[in-house]
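What follows is one structure encoded as structure tokens, with my remarks underneath.
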Amino acid sequence: GLIFVVDSNDRERIGEAREELMRMLAEDELRDAVLLIFANKQ
Numbered sequence: 887g888l889i890f891v892v893d894s895n896d897r898e899r900i901g902e903a904r905e906e907l908m909r910m911l912a913e914d915e916l917r918d919a920v921l922l923i924f925a926n927k928q
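To convert a position in the sequence shown, counted from 1, into this note's numbering, add 886.
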């Protein structure tokens, strides 16, 4: 499984976080992994 935490207050880096998540999910080891995404407001 994979837990991905995003700082939802950092609007400038949301795109960067999305790209990194897509890169990680493209890896063979994570392709079928269960995914939990937390959007942190702090």
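Every residue, glycine too, gets a C-beta built ideally from N, C-alpha and C.
Nearest to residue i (by Cα), restricted to the options the options
{"i": "A903", "options": "E913, L921, V892", "result": "V892"}
Length of the line joining the Cα atoms of residue i and residue j
{"i": "I923", "j": "F890", "result": "5 Å"}
{"i": "R909", "j": "A925", "result": "19 Å"}
{"i": "D914", "j": "E905", "result": "17 Å"}
{"i": "R899", "j": "A912", "result": "20 Å"}
{"i": "S894", "j": "G901", "result": "11 Å"}
Range of the contiguous alpha helix (DSSP H) that encloses residue i
{"i": "L911", "result": "900 to 912"}
Span of the beta strand (DSSP E), counted from its first residue to its last, around residue i
{"i": "D893", "result": "888 to 893"}
{"i": "L833", "result": "With the chain covering only 887 through 928, there is no way to say anything about residue 833."}
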